[in-house]
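Novice: Before we start, here is the structure in question, set down as structure tokens.
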Amino acid sequence: MAETTSPNIGPALPASPREMLPQELPTSQAEEQIAVATQWQLMWWRFRKHKLAMVGSVILILFYLVALSVDFLSYADPDASEAQRSLMAPQSIHWTDNGRLSPYVYGLTGKRDPKTFKRVYTIDPEVKIPVRFFAKGFEYKWLGFIPSDIHLIGVEGARADETLFILGTDVQGRDLWSRLMYGTQTSLFIGLASVALSLFLGVVLGGISGYYGGVIDTVIQRVIEILRSIPTIPLWLGLAAALPGSWSVQQVYFAITIIISLLGWTELARVVRGRFLSLRQEDFVMAARLAGCSQMRIIFRHMVPSFLSHIIAAMTLALPAMIISETSLSFLGLGLRPPAISWGVLLQDAQSIQALAISPWLLIPSIPVVVAVLAFNFVGDGLRDAADPYG
Amino acid sequence: MIAYIIRRLILAILTIWAITVLSFVIIQLPPGDYVTSYIASMSASGIGVTEAEAQALRIQYGLDQPIYVQYLKWMGMIAQGRFGMAIEWGRPVMDVIGDRLTLTIVISVAAIVFTWALALPIGIYSAVRRYSIGDYIATLIGFIGLAIPGFMLALIVMYVGFKYFNASIGGLFSAEMADAPWNWAKFVDLLKHLPVVAIVLGIGGTAQMIRIMRSNLLDELRKPYVMTARARGLSEARVIMKYPVRVALNPFISTLGYLFPYVVSGSIIVSMVLSLPTVGPLLLKALIAQDLFLAGTIVLMLGVMTVVGTFISDLLLMWIDPRIRFEKQ
Chain P
71 MAETTSPNIG PALPASPREM LPQELPTSQA EEQIAVATQW QLMWWRFRKH
121 KLAMVGSVIL ILFYLVALSV DFLSYADPDA SEAQRSLMAP QSIHWTDNGR
171 LSPYVYGLTG KRDPKTFKRV YTIDPEVKIP VRFFAKGFEY KWLGFIPSDI
221 HLIGVEGARA DETLFILGTD VQGRDLWSRL MYGTQTSLFI GLASVALSLF
271 LGVVLGGISG YYGGVIDTVI QRVIEILRSI PTIPLWLGLA AALPGSWSVQ
321 QVYFAITIII SLLGWTELAR VVRGRFLSLR QEDFVMAARL AGCSQMRIIF
371 RHMVPSFLSH IIAAMTLALP AMIISETSLS FLGLGLRPPA ISWGVLLQDA
421 QSIQALAISP WLLIPSIPVV VAVLAFNFVG DGLRDAADPY G
Chain G
528 MIAYIIRRLI LAILTIWAIT VLSFVIIQLP PGDYVTSYIA SMSASGIGVT
578 EAEAQALRIQ YGLDQPIYVQ YLKWMGMIAQ GRFGMAIEWG RPVMDVIGDR
628 LTLTIVISVA AIVFTWALAL PIGIYSAVRR YSIGDYIATL IGFIGLAIPG
678 FMLALIVMYV GFKYFNASIG GLFSAEMADA PWNWAKFVDL LKHLPVVAIV
728 LGIGGTAQMI RIMRSNLLDE LRKPYVMTAR ARGLSEARVI MKYPVRVALN
778 PFISTLGYLF PYVVSGSIIV SMVLSLPTVG PLLLKALIAQ DLFLAGTIVL
828 MLGVMTVVGT FISDLLLMWI DPRIRFEKQ
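These protein sequence lines map, in sequence, to chains P and G.
The first sequence runs contiguously to residue 461 in the working numbering.
The second sequence runs contiguously to residue 856 in the working numbering.
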């Protein structure tokens, strides 16, 4: 990194060096530190000052940790349905029993209301179902290869009818908490996959557009302009409705990723092109060319490192849009289809006011959507500010 | 300047053409055609359709011809102002769309007006009183508005309305007004239902607008001419409103082109949740039934509305900002 930063950092130290100092250090020492700091160090110092972005980063790390260990965090099979447990309200955990720390939930007995045909559940205070941490449950392979049957919480050694539903159940009596965990995994990774694909398209097309200019540039810019002026949702609806109903879950997953990123690449292409255009004029690119570097070397060794940070910021800001797209499409029944589980698929159950009135907990999956989108936006904002540490 | 307008006009026409091709291709993408899905739904309800009947249907709607012939025929019809039959409904497309298109435009415009009416003052306030409590609250609300997708907000509003106000929020008209012919009472009824819809639809755009307005105005306020104006003793309100706000208004005009498709797109999903009589639910049904003419017409009209919106915003921008006007000469 040092050789790419030195030509343009030398004369152009930060306008207000004092602003970026690690505060504990005496001034002269800190200034010295800035002078020798790499570009990434400067960015990190700048990023660290953005409080919301730091909070957002922590939240996102937690989210992806959850996504990596869904089997451990969930305690029930997300697909195990049971008509006898349809639409149970969330059970509250009682933490202490007779002054001792021993979490438990009360048992529930369900009956069908003879008039409304709705299942009503009454708490049975006689039955205390103990809740254990690191309880044994269904077997799984953590990260795909470490076999285990330990779950964060669970009801151990219980009879089949002694169950735990932290967030209640859906119409088919499936545990919402466990489903939410699996949904988190799907939604977060489909976002990542779409961004990766958009990035590829955006960098290649934006790069060609910005580096070569001329007719190619005009054509690509017109295509982008046309794509952006088509209302997105009808386009998505059309593409998603085109997926054959006979496709498997994996095929649909793949197709939805492509559909979402088909429209997401334009923004990234715009950013990349803008950077290429401005960097093409820079002295250090000219110097590299005169020194006889090959075109590939100029692009990847000299130009890409100096706008990589901008691309990372643009990607972070593109991710929440992708997540919302997936959620919206699945919510309309055109995205992922059951048995796949995603935030949008879960929210599909909460579509009508009738369903919400009876079982408002079905709206719970909207909370992680909002939190994740906010966190991505904060981090993206922080990264965008930090991306140009010399400004 | 004329050359610039002509260039934009050509681009607009090119875009509309691209939209016709795209919408046609998209609707043709699913395997099979309307007749296949018609047969499927018929046999689901126990009525068999013979091969001869299916063939007759295909010939009647021209579905037996190659795709480019169908496209050219469709274009020919549109050029004559005919949009064909909504096959599923057995009525002309324009009959089926009718009021719904107007209502889509009405709620989109209402949402944009709401967006501007809210974002403008809040954005100015946030920039002028930077880092004040009000600024932080505006930023927070802005972020939340950005993070909640329209359909989710619609769900939450609907639930809150049901639970705490015992009111059913949804629809654009009261039950007794829905099928009534247009008159003053129906118009008033529409006005009563419009605000909630406009807020749900507009909140996302508002959040974005506040942030754009704030950062643009902040950039302007730092410039020397603002200091000059202040040094000359202009009142603070005049210093801010006269020039910096005017310059900062640019994005409001320039994003009109993008805001419009954004709102129209959003209105499709929100319409399904709030059961609004717009083209949204119609489009979804038409797409699933592969009703070529209906879906194609709706996508085309939304596209044209967008392109016209962008074109108008280009013209407005030229009119409001002399720098653009002269640069393009």
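For glycine and all other residues, C-beta sits at the position ideal for the given N, C-alpha and C.
All figures in this text were calculated on a predicted structure; none of them were measured in a lab.
Alpha carbon to alpha carbon, what distance is there between D149/P and A409/P?
Specialist: The sequence shown places Pro at residue 409/P, rather than the Ala named in the question. Computed Cα separation, rounded: 8 angstroms.
Novice: Distance cutoff 8 angstroms, beta carbons only. Does S436/P sit that close to anything in chain G?
Specialist: By this cut-off, S436/P is an interface position.
Novice: Closer than 9 angstroms, Cβ to Cβ, to anything on chain G: give me those residues from the region 285 to 311 of chain P, in chain order.
Specialist: So the list reads R292, V293, E295, I296, L297, R298, S299, I300, P301, T302, I303, P304, L305, W306, L307, G308, L309, A310 and A311, given in the order they occur along the chain.
Novice: Name the two residues that bound the continuous alpha helix (DSSP H) containing Q164/P.
Specialist: Residue 164/P is actually His in this sequence, not Gln. Run containing H164/P: none in the alpha helix (DSSP H); it sits in the beta strand (DSSP E), H164 to D167.
Novice: Closer than 8 angstroms, Cβ to Cβ, to anything on chain P: give me those residues from the region 669 to 688 of chain G, in chain order.
Specialist: Answer set for the region 669 to 688 of chain G: F670, I671, L673, A674, I675, P676, F678, M679, L682, I683, M685 and Y686.
Novice: In three-state DSSP terms, what is P593/G?
Specialist: Correct three-state label for P593/G: coil.
Novice: Below 8 angstroms on the Cβ atoms is my contact criterion, and I expect R116/P with D455/P to pass it. Report the Cβ-Cβ distance as a whole number of Å.
Specialist: 6 angstroms between Cβ atoms; contact.
Novice: State the start and end residues of the unbroken alpha helix (DSSP H) segment that holds H720/G.
Specialist: W711 to L748 is the extent of the alpha helix (DSSP H) around H720/G.
Novice: Out of curiosity, what's the CA-to-CA distance linking V834/G and E295/P?
Specialist: Approximately 10 angstroms, taken between the alpha carbons.
Novice: Comparing the C-beta of L433/P with each C-beta of chain G, is any distance below 8 angstroms?
Specialist: Yes, because at least one Cβ of chain G sits closer than 8 angstroms to the Cβ of L433/P.
Novice: Alpha carbon to alpha carbon, how far is T397/P from M356/P?
Specialist: One C-alpha to the other measures close to 46 angstroms.
Novice: Identify the continuous beta strand (DSSP E) that holds R202/P and give its terminal residues.
Specialist: Its beta strand (DSSP E) spans residues R202 to W212.
Novice: When you compare only the Cα positions, how much space is there between I825/G and G611/G?
Specialist: Approximately 12 angstroms between the Cα atoms of the pair.
Novice: If we ignore side chains and look at the alpha-carbon of each, how far apart do S264/P and F787/G end up?
Specialist: Their backbone Cα atoms lie some 25 angstroms apart in a straight line.
Novice: So A420/P contacts chain G; which residues on that side make the cut at Cβ distance below 8 angstroms?
Specialist: Simply L682.
Novice: At what residues does the alpha helix (DSSP H) containing Y176/P begin and finish?
Specialist: Premise fails: Y176/P lies in the beta strand (DSSP E), R170 to R182, not in any alpha helix (DSSP H).
Novice: For Y281/P, count the other beta carbons within 10 Å of its own beta carbon; 16 or more makes it buried, fewer makes it exposed. Which is it?
Specialist: Classification of Y281/P: buried, given that the 10 Å Cβ count is 16 or more.
Novice: So, is the C-beta of L829/G closer than 8 angstroms to a C-beta in chain P?
Specialist: By this cut-off, L829/G is an interface position.
Novice: Starting from P217/P, trace the beta strand (DSSP E) in both directions and tell me its first and last residue.
Specialist: It spans I216 to G224 - the beta strand (DSSP E) in which P217/P sits, taken as one unbroken run.
Novice: Touching or not, the region 680 to 687 of chain G and the region 791 to 802 of chain G, by the rule of three or more beta carbon pairs under 8 angstroms?
Specialist: The region 680 to 687 of chain G is in contact with the region 791 to 802 of chain G.
Novice: Assuming R345/P contacts H380/P under a Cβ cut-off of 8 angstroms, what Cβ separation, rounded to an integer in Å, is found between them?
Specialist: About 6 angstroms separates the two Cβ atoms, so the contact holds.
Novice: Using the rule of at least 16 other Cβ atoms within 10 Å of the residue's Cβ for burial, across every protein chain shown, is H164/P buried or exposed?
Specialist: Counting Cβ neighbours within 10 Å, H164/P comes out exposed, since fewer than 16 surround it.
Novice: Using 8 angstroms for Cβ pairs, my map puts A654/G next to L748/G. What's the rounded Cβ distance?
Specialist: At roughly 7 angstroms, the Cβ-Cβ gap stays under 8 angstroms, so A654/G and L748/G are in contact.
Novice: DSSP beta-bridge partners for P619/G?
Specialist: Answer is M612/G, bridged to P619/G.
Novice: So what does DSSP say about D147/P, is it helix, strand or coil?
Specialist: Residue state, collapsed to three classes: coil.
Novice: Need the endpoints of the alpha helix (DSSP H) that H380/P sits in, please.
Specialist: Note, H380/P: alpha helix (DSSP H), V374 to F401.
Novice: Could you please tell me which residues of the region 360 to 394 of chain P, in chain order, have their CB closer than 9 angstroms to any CB of chain G?
Specialist: Going along the region 360 to 394 of chain P in chain order, one finds P390 and I394 with a Cβ nearer than 9 angstroms to chain G.
Novice: Spell out a yes or no on whether the region 247 to 262 of chain P and the region 182 to 192 of chain P are touching, meaning 3 or more CB-CB pairs, one atom from each, closer than 8 angstroms.
Specialist: At 8 angstroms Cβ cutoff, the stretches do not touch.
Novice: Under 8 angstroms, Cβ to Cβ, is there at least one residue of chain G near P430/P?
Specialist: By this cut-off, P430/P is an interface position.
Novice: Report the option in T386/P, L389/P, R350/P and A388/P whose CA atom is closest to the CA atom of V374/P.
Specialist: Minimum Cα distance to V374/P is reached at R350/P.
Novice: Tell me, to the nearest whole angstrom, how far the beta carbon of A581/G is from that of I566/G; I am working on the premise that it is less than 8 angstroms.
Specialist: Right, the Cβ-Cβ distance comes to about 6 angstroms (below 8 angstroms), so this counts as a contact.
Novice: Give me the Cα-Cα distance between F401/P and V319/P, rounded to the nearest whole angstrom.
Specialist: One C-alpha to the other measures close to 16 angstroms.
Novice: Using three-state DSSP, classify T75/P as helix, strand or coil.
Specialist: With a pLDDT of 38 at T75/P, under the threshold of 50, the modelled position of that residue is not reliable, and no figure is offered here.
Novice: Can you list, in chain order, the residues of the region 530 to 561 of chain G whose Cβ is nearer than 8 angstroms to any Cβ on chain P?
Specialist: Answer in chain order: L538, L541, T542, A545, I546, L549, S550, I553, I554, L556, P557 and P558.
Novice: Is I286/P helix, strand or coil by DSSP?
Specialist: Residue state, collapsed to three classes: helix.
Novice: List the DSSP bridge partners of D194/P.
Specialist: Its beta-bridge partners are G177/P.
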